[in-house]
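Novice:
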Amino acid sequence: MFYCVNLEEHNNNKGITSYEDKSNGELDSLAGLSIPKDFFRENMNFIYESQDIPFIFNINNNFDNFEVDNQLIKIRPNLYSDIFFVGTCYGGSYYHNVDLMNENNIYSKKLHLSDLNSEISNNGDICFKSFEYMHSHLGINKFIKPKIWFYHMSFNSYMKLDHLKFGYNPFIHIFSITMKEV
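To convert, take the position in the sequence shown, counting from 1, and add 18; that gives our numbering.
1) Let's test the definition: count the other Cβ atoms within 10 Å of the Cβ of M152 and tell me whether it reaches 16, buried, or not, exposed.
2) Please determine, among K165, K178, F161, E26, the residue with the shortest C-alpha to C-alpha distance to I77.
3) Could you tell me the alpha carbon to alpha carbon distance between E121 and N30, rounded to whole angstroms?
4) In chain order, what residues of the same chain have a beta carbon less than 7 Å from the beta carbon of G110, not counting five sequence neighbours either side?
5) If we count the other Cβ atoms within 10 Å of its Cβ and call it buried at 16 or more, is P95 buried or exposed?
6) Leaving aside the five residues before and after D46 along the sequence, list all residues of the same chain whose C-beta is less than 8 Å from its C-beta, in chain order.
7) What are the uninterrupted segments assigned as beta strand (DSSP E) that are 3 or more residues long and contained completely in the segment 64-120, given in chain order?
8) So the candidates are Q89, G185, S194; which of them puts its Cα closest to the Cα of N63?
9) Give every residue of the same chain whose Cβ lies closer than 8 Å to the Cβ of F168, excluding the five residues on either side of it in the sequence, and list them in chain order.
10) Report the residue from D56, V23, F161 whose alpha carbon sits nearest the alpha carbon of N135.
11) What's the C-alpha gap between P164 and N174?
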């Protein structure tokens, strides 16, 4: 069974815009880049290793992703075998430690995401969706053909978890997290 983590209260960035609200885009701090909303739905699935994994995208909210900035995300306490992330990076491809927490126990695992402008994965992630153009504050930018990436974090054994903790890296943007319950 899959559990889609509610990220609404943690989202702090607008990375998906309609053409009309393109001036709100903020995947970067200079050109105000954003991914076109026309290519998204609130509920999207991704087929991975014969699994149909659901994801929730907050495309109609003021913020639709979070820049990694010390978020502590409460999750449904349960046993989990996998975590699936959809995100991207701006200004390079990065990895970041995610603390997997249960009461007083903390385990760290690396999350790898490639740059939104990368042609191929740099970190073992998989292209979730590619786009023919981006929005900027000035209009449509066809020179950048962005990608958002899917990353699978698996565990050697089932883990009882109740929180996910992120450190600080404002170049990493997380749009959706789904966890596989045991």
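We put the beta carbon where it would ideally sit given N, CA and C, even for glycine.
Specialist: On the basis of the data shown:
1) In the sequence shown, the residue the question calls residue 152 occupies position 134. Per the 10 Å Cβ criterion, buried.
2) Here residue 77 is taken as the residue at index 59 of the sequence shown, counted from 1. It is E26.
3) For the purposes of this step, residue 121 is taken as residue 103 along the sequence shown, with counting starting at 1. For the purposes of this step, residue 30 is taken as residue 12 along the sequence shown, with counting starting at 1. Taking the straight line joining both Cα atoms gives about 26 Å.
4) Numbered from 1 along the sequence shown, position 92 holds the residue referred to as residue 110. Answer for G110: D133, F189, listed in chain order.
5) Residue numbering aside, residue 95 sits at position 77 when the sequence shown is read from its first letter. Exposed, because fewer than 16 other Cβ atoms sit within 10 Å of the Cβ of P95.
6) Here residue 46 corresponds to residue number 28 of the sequence shown, with the count starting at 1. Excluding positions up to five away in sequence, the list reads Y108, G109.
7) Inside the segment 64-120, DSSP marks whole beta strand (DSSP E) runs of 3 or more residues at positions 69-74, 84-87, 90-107, 112-120, from first to last along the chain.
8) The count along the sequence shown starts at 1 and reaches residue 63 at position 45. Considering only alpha carbons, the answer is S194.
9) In the sequence shown, residue 168 corresponds to position 150, counting from 1. Spatial neighbours of F168 in its own chain (CB-CB distance under 8 Å, excluding positions within 5 residues in sequence) are listed in chain order as F64, Y66, F102, F103, V104, D143, I144, C145, F146.
10) Position 117 of the sequence shown holds residue 135. Comparing Cα-Cα distances from N135 to each of D56, V23, F161, the minimum goes to F161.
11) Within the sequence shown, residue 164 is the residue found at index 146, counting from 1. Within the sequence shown, residue 174 is the residue found at index 156, counting from 1. Each residue's alpha carbon lies about 33 Å from the other.
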